[in-house]
Amino acid sequence: MSKGKLFIISGASGVGKSTVLSKVMAARKDLEFSVSATTRPPRPGEKDGVNYYFVTEEKFRSMIAADEFLEYDEHNKTLYGTPRAQVEEKLLRGHVILDIEPVGAFNVQRQRPDATLIFIVPPSMEVLENRLRSRGDTGEEQILLRLDRAKWEMEQTPKYDFVVTNDQVDACAEKILHIIAQKDDEE
Ligand code: 5GP
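Final position of the sequence shown in this note's numbering is 202; the numbers increase by one with none missing.
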């Protein structure tokens, strides 16, 4: 029997999810982050085994063949997947947070209907575009792909349990902490 609950956080690339999530994780030590596998290269500052498991496409495909993923998806010309065993193991200890996009989120929801789906939206598409461009580590082709993808992702928000706006990082983290506390009380 798992002890914790599953929280899925989605939001377009550039919305500031990782900053918000690090605040949330710092405030609640009982939350564990599910580290995904990806075929994209690490960004500056990202660490293997912390932000992602950075793997080759060959390795990723072998993990698919071995049924090691709870879900996986290909977007922005990259493969991303949630290792199943890791999530199950972490759930035995406490709550687990997945930072995954909508296709993966709905896929997990079908297998774990008790999961709570939270979507982080930017204050506006202009703000999102500016954030993506100011990162400086993403080429123009990737920026356009990500903006297109963001528009589609924003259309999925009605299927989420909660939608929170990231106009201010601390306030956004507080809203997510409040949702988690609310779910604690449901026990
Ligand atoms: P980034 O490359 O900016 O880190 O992430 C791009 C997108 O991939 C984000 O929307 C993120 O939530 C999503 N993502 C990260 N890990 C996974 C995963 O394991 N599965 C799925 N389906 N999406 C993921």
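Backbone N, C-alpha and C fix where the C-beta goes; we use that ideal spot for every residue, glycine too.
Source: prediction; values computed, not measured.
- The shortest CA-to-CA distance from Ile-133 to any of Gly-151, Tyr-175 and Ala-52 is the one to Tyr-175.
- Beyond the five residues adjoining it in sequence on each side, Asn-91 comes within less than 7 angstroms, by CB distance, of Gln-157, Leu-160, Arg-161 and Arg-164 in the same chain, given in chain order.
- Contact check for Gly-29 and Arg-146: beta-carbon distance about 4 angstroms, within the 8 angstroms limit, so the pair qualifies.
- Counting only runs of 4+ residues, the alpha helix (DSSP H) found wholly inside the stretch 69-132 occupies 72-80, 99-108 and 117-126, in chain order.
- Beta-bridge analysis with DSSP links Ser-51 to Tyr-67.
- Between Glu-72 and Thr-93, the alpha-carbon positions lie close to 9 angstroms from each other.
- Under the 10 Å beta carbon count, Ala-188 is surrounded by 16 or more other beta carbons and is classified as buried.
- Taking a contact as a CB-CB distance under 8 angstroms, the pair Val-39 and Tyr-67 does not count as one, their CB atoms being some 18 angstroms apart.
- Checking the DSSP bridge columns, you'll see Val-136 partnered with Thr-180.
- Shown here for Glu-168: same chain residues with a beta carbon closer than 6 angstroms to its own, the five before and five after excluded, namely Ala-27 and Pro-117 in chain order.
- Shortest Cα-Cα distance from Thr-34 to any of His-193, Gln-183, Asp-199 and Leu-85 involves Gln-183.
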